[in-house]
Each structure stands twice: as C-alpha cells, then as structure tokens.
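Asks:
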Amino acid sequence: MSFFNRYRHDYASLLRLGFPILIGQLGMIVVGFADNIMVGHYSTPALASASFVNNLFNVAIFCCVGFTYGLTPIVGSLYARGRHGDIGSVTRAALVLNSMFTVAVMALMSLVYFNLHRLGQPEELLPLIRPYFLIYLAGMLPVAVFNVFAQWSYGIKNTNLPMWIILSSNLLNIIGNYLLIFGHGGFPEMGLVGAGISTLFARVVCPVAIIACFAIKAHNRPYRRGFARARTSLRDIHRIWSISIPISMQMTFESGSFTFAAVMTGWISAIDLAAFQIIVIVGTLGFCIYYSIGSAVTILVANEAGRDDRRAMRRVAWAGYHVLLTLMCISSAIFIFFGNSLMSCFTEDPAVLAIASGLILPLVLYQAGDATQINFAAALRGTARVMPMLWIAFVSYIVFGIPATYMLGFPLGLGTYGIILSFSVSLFIAAALFLYFFLRSTRPVSQLRTGAS
Numbered sequence: 003m004s005f006f007n008r009y010r011h012d013y014a015s016l017l018r019l020g021f022p023i024l025i026g027q028l029g030m031i032v033v034g035f036a037d038n039i040m041v042g043h044y045s046t047p048a049l050a051s052a053s054f055v056n057n058l059f060n061v062a063i064f065c066c067v068g069f070t071y072g073l074t075p076i077v078g079s080l081y082a083r084g085r086h087g088d089i090g091s092v093t094r095a096a097l098v099l100n101s102m103f104t105v106a107v108m109a110l111m112s113l114v115y116f117n118l119h120r121l122g123q124p125e126e127l128l129p130l131i132r133p134y135f136l137i138y139l140a141g142m143l144p145v146a147v148f149n150v151f152a153q154w155s156y157g158i159k160n161t162n163l164p165m166w167i168i169l170s171s172n173l174l175n176i177i178g179n180y181l182l183i184f185g186h187g188g189f190p191e192m193g194l195v196g197a198g199i200s201t202l203f204a205r206v207v208c209p210v211a212i213i214a215c216f217a218i219k220a221h222n223r224p225y226r227r228g229f230a231r232a233r234t235s236l237r238d239i240h241r242i243w244s245i246s247i248p249i250s251m252q253m254t255f256e257s258g259s260f261t262f263a264a265v266m267t268g269w270i271s272a273i274d275l276a277a278f279q280i281i282v283i284v285g286t287l288g289f290c291i292y293y294s295i296g297s298a299v300t301i302l303v304a305n306e307a308g309r310d311d312r313r314a315m316r317r318v319a320w321a322g323y324h325v326l327l328t329l330m331c332i333s334s335a336i337f338i339f340f341g342n343s344l345m346s347c348f349t350e351d352p353a354v355l356a357i358a359s360g361l362i363l364p365l366v367l368y369q370a371g372d373a374t375q376i377n378f379a380a381a382l383r384g385t386a387r388v389m390p391m392l393w394i395a396f397v398s399y400i401v402f403g404i405p406a407t408y409m410l411g412f413p414l415g416l417g418t419y420g421i422i423l424s425f426s427v428s429l430f431i432a433a434a435l436f437l438y439f440f441l442r443s444t445r446p447v448s449q450l451r452t453g454a455s
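So for the sequence shown, my numbering puts the first residue at 3; every next one is plus one.
1. Would a C-beta distance cut-off of 8 Å place Gln153 and Phe54 closer than the cut-off?
2. Would Thr418 be called buried (16 or more neighbouring beta carbons within 10 Å of its own) or exposed?
3. Secondary structure at Thr452, three-state DSSP: helix, strand or coil?
4. Which of the three DSSP states, helix, strand or coil, is assigned to Cys347?
5. Does Ser271 come out as helix, strand or coil in the three-state DSSP assignment?
6. Spell out a yes or no on whether the stretch 249 to 262 and the stretch 196 to 209 are touching, meaning 3 or more CB-CB pairs, one atom from each, closer than 8 Å.
7. Which same chain residues, not among the five before or five after Ala454, have their C-beta less than 6 Å away from its C-beta?
8. Apply the 10 Å Cβ neighbour rule to Asn7 and answer buried if 16 or more other Cβ atoms are within range, or exposed otherwise.
9. Between Thr74 and Gly157, how many whole angstroms is the CB-CB distance? I'm expecting something under 8 Å.
10. Exposed or buried, what is Asp310 when buried is set at 16 or more other beta-carbons lying within 10 Å of its beta-carbon?
11. Please state the DSSP three-state secondary structure of Leu19.
12. What does the Cβ neighbour count give for Met142, buried or exposed, with the cut at 16 atoms within 10 Å?
13. Cutting at 7 Å between CB atoms, please list the residues of its own chain near Glu191, excluding the five before and the five after it.
14. Taking three-plus beta-carbon pairs below 8 Å as touching, is the stretch 97 to 112 in contact with the stretch 126 to 143?
15. Out of curiosity, what's the CA-to-CA distance linking Val354 and Ala277?
16. Hey, could you find the ends of the alpha helix (DSSP H) Ile212 is sitting in?
17. Considering only their Cβ atoms, is the gap separating Arg226 from Ala2 smaller than 8 Å?
18. Among Met389, Gly196, Pro413, Val147, which residue has its Cα nearest to the Cα of Pro457?
19. When burial is assigned at 16 or more other CB atoms within 10 Å of the CB, is Val67 buried or exposed?
20. Can you give the beta carbon distance from Ile23 to Ala298, rounded, assuming they're within the 8 Å contact cut?
21. Quick one: grab the DSSP three-state call for Arg231.
22. Unbroken alpha helix (DSSP H) runs of length 4 or more, entirely within the stretch 320 to 386: which are they?
23. Just how far apart, CA to CA, sit Ile497 and Ala50?
24. Apart from the five residues just before and just after Ala36, which ones in its own chain have a Cβ nearer than 8 Å to its Cβ?
25. Using the Cα positions of Leu382 and Ser294, report the straight-line distance between them to the nearest angstrom.
26. Buried or exposed for Leu450, going by 16 or more other Cβ atoms inside 10 Å?
27. Please classify Ala432: is it buried, with 16 or more other beta-carbons within 10 angstroms of its beta-carbon, or exposed?
28. Return the first residue and the last residue of the alpha helix (DSSP H) that Thr161 is part of.
29. Reducing DSSP to helix, strand and coil, say where His1 ends up.
30. Roughly how far, in whole angstroms, is the beta-carbon of Asn305 from the beta-carbon of Tyr81, given that I think they are within contact range, below 8 Å?
31. Buried or exposed: which applies to Asn342, given that a residue is buried once 16 or more other Cβ atoms fall within 10 Å of its Cβ?
32. Tell me which residues share the same chain as Thr261 and place their Cβ nearer than 8 Å to its Cβ, disregarding the 5 neighbours each side in the sequence.
33. Going by beta carbon distance, what residues of the same chain come within less than 7 Å of Ile357, once the five residues before and after it are set aside?
34. Less than 8 Å between the C-beta atoms of Ser155 and Pro164, yes or no?
35. Can you give me the Cβ contacts of Leu28 inside the same chain, cut-off strictly under 8 Å, excluding the 5 residues immediately before and after it?
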C-alpha cells in the first residue's frame, strides 16, 4: 500500500491525460485495421502494395511527426509557469519550422518515387504502388500541421481536443474506404487508390478542425494573442530545432529499421510481405497503447522540469512504466489468445494466414522492449535534454537493428520469422540506453554537487 500511495497521484494524472490519447490511438488502430481488412479482402496484391508503401512512408511520417514532438516539452514547461503568451509565440514558430521541414522531407520522398523500381519489389506490384505512393505523399503536410497543434494542445493538458478530431476523421476514413475501394453508393470501384484518397481526405480534415478550434474557442484567447502578435524569431526557431531534430531522427531511425525490414521481406515474396503487413498492423495495437501513456509521461515530466523538480520527474517516469508494463501484459495476452482471429480479419488467403500465424511468438517477445523504450524515450523528451536520443537510436536501430534483421532473415535462414524476431534486438538495446540517459539527466542536485566535488 505504501508503494501504491507513493505513485497514486501520478497514476491518476497519467491516466487522466493518457486516456483521451489512448482513445484517439485506438481509433487510429481501428481505421488501420479497417484499411487493411478492406484492402486485404479486395486482393492480396493490393495488401502487399499497401504494406510496402505504408512501411516506406513510416520513415517520412515518423520523421515529420517526431519533429513536432519537440514542441511538447517547451509548451509543457511554459504552461507550468503560466506563460500563455509565450506558448502562442512558440507554437507559431513551430508551425513555420515544421512546415518547411515537412516540405523538405516530401522532396526527398519524391526522389524515392522515381527510384521505386530499384528497391527489389515484385514487378507486378509497381502499377499498384505508384499511384498509392503519390496520394500518400500529398497527405504529409496536413499530418504535420495537425500534429503541431496537437502537441500544443497536449502541452496545455487538453488531450481531449485531438482525440475527438482523430476519432471523427477516422470515421470519415472508414466510410470513404467502404465507398471507394469496392465502389459502393454509386462511387467507382477504385481499389487501393480509393483507400489512398479516403485517407488523404481524412488527413486534410484534421488540421482544418484543430485550427478552427484554436481560432474560435474563448479559452484559447491568450494563446491566440501570443500567436498573432509574435514575430517568428531566430531564438525560438533555434530552441525548437535543437529539441525537435534529435527526436525526429530517433523516430526516423526506429521507423527506418522497420521499413528496411519490410523491404527485405519483399525480397522473399509478395505473400510474405502481405503477412508482414498483418503482423505490423496487429503489433500497432501495442505500440499505440504504449504511446498514449508515453505522451502523458512527456507532458508531466515537462511540467516538473518547468519547476526543476528532478525527483518528481523520476517519480512520474516510473509511474508511467508501471502503467505501461500492465498494458504490455494485456496486449501480449490479446496477441497470444486472439492473434489468429485478428489476423483472419485481414485476408482469406490461406498462404498469408499460415505465415502470419507463425509470427505471433516474435511479436509477443518484442512487446516488453517496445513498452520500455517508449516510456523512457518519452520521459527523456520531457526533460528537453534530448541530444542523446539521436545517437541512441542510430546505434540501436541502424548499427545493431538492420544487421540483425538481415542476419536472422537470410544467412541464418529464418526468413520472415527472423525478421520479426530481430525487432527485439534493437528495441531492448534502445530501452536500456534511454533508461540510462533519463536517470543521468534527472540526477538530484545533491548528487551532481557530490560528483563535481
């Protein structure tokens, strides 16, 4: 009871902030499931093509979304000190910087488009991959703009607003998929292209809705005033850049290792690639649940950082880890007992299901590493001392992760099973390093003085 009482307040705060994010993330899981179920039932080549493009864009999307995360610790720290006008000012600077950054990433992805034929994918998939790729590319800027305002909203502890917008857009996406993939309601049957158009429309709705709330709601007036009156200063730009780049690169390296895994799976066969996509989507159930509490950890650690209370920063992080371990156990149980049922929702192809059902064990194995690295990466973000995140991710996902994926998949002959198994290698290394640097960044002042003396 004394252990519970020590963390009780933090548990309550984490769940209060994290629950709306969790509902939003679950909504995204539902739409991801719906997308892949509809595409998978449309055709196996469509599912394999979606797998390749989605995993390829994960790098770009996580790079841009990760860049927006640099705003959260800044806003959280300012909010704890009641500096609402400065929050508006820094949000404006973040919007400008993130828009420029996303356009640059879109330019790089355009180069990838012209070299799709060099990536070793089955030749018969390229006519499906190309148009879907272009539609996905068009949705990147709306995603970035929405996430800038979402991080502003998270930082001021209003996690409900992004939740309702995400849920509404997800509903639109599912309806659009039903109408455009199969040609219901008088719409043409567009297959994978229809799924892309539906997703693009939903992504445009999100920034329009959250900007309207920012501009209209009376309680946002102090933030609007700061947003409107401020000039985009080099000081704000540098501050955001110095925090955003390490976070962005950390998420880029992490998603990049998964993308390389998808590319390598495509070297095996289109059937294996479709099975890989099913496992990734099912695994997203765990990731999104962990991410919701991780976001709450970032917010609360940032609040305590604004007060320079290092003990409280650690207490929040450990409370978040307790919650995440509980959620990890629940997710793993779902995968073990209901994994086959979940996978059968995506396709009726027995060859795909046979491969996917054999991947449940490596899927479960990497859940603990994923939950741990998400929690302590989020806690480290909250401190705003994020430079170690860049090289931690590089070492974990690039130096160790990608070679492990290749070795387990090909020289050791484990195929897709080895590719999924390799995720545990990079995730556990990253988890250990994030924990170490968070504890180092939050050492009590008395320990710092002792070390200095």
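We put the beta carbon where it would ideally sit given N, CA and C, even for glycine.
All of these numbers come straight from a predicted model, not from anything done at the bench.
Replies: Taking the structure as given:
1. no
2. buried
3. Confidence is the limiting factor: at Thr452 the pLDDT is only 49, short of 50, which leaves the residue's position unreliable and the question unanswerable from this model.
4. coil
5. coil
6. no
7. Interpretation of Ala454 is limited by its pLDDT of 47, a score under 50 that renders its predicted location unreliable; the figure taken from the coordinates is listed afterwards. So no residue of the chain qualifies.
8. exposed
9. 5 Å
10. exposed
11. helix
12. buried
13. Phe184, Gly185
14. yes
15. 5 Å
16. 193 to 218
17. In the structure as shown, the chain starts at 3 and stops at 455, and residue 2 therefore has no counterpart that could be examined.
18. No information on residue 457 is available, as it lies outside the stretch 3 to 455 that the chain covers here.
19. buried
20. 7 Å
21. helix
22. 352 to 359, 362 to 367, 369 to 385
23. Outside the modelled stretch of the chain, which goes from 3 to 455, sits residue 497, for which no answer is possible.
24. Asn175, Ile176, Asn179
25. 16 Å
26. Any reading at Leu450 must be qualified, since the residue scores a pLDDT of 48, below 50, and its modelled position is unreliable; the value itself is stated next. With fewer than 16 other Cβ atoms within 10 Å, it is exposed.
27. buried
28. Taken as a continuous stretch (DSSP letters only), Thr161 belongs to no alpha helix (DSSP H), as it is neither H nor E.
29. Beyond the ends of the chain as shown, which are 3 and 455, falls residue 1; an answer cannot be given.
30. 7 Å
31. exposed
32. Asn57, Leu58, Asn60, Val61
33. Ile273, Asp274, Ala277, Thr418
34. yes
35. Cys290, Ile291
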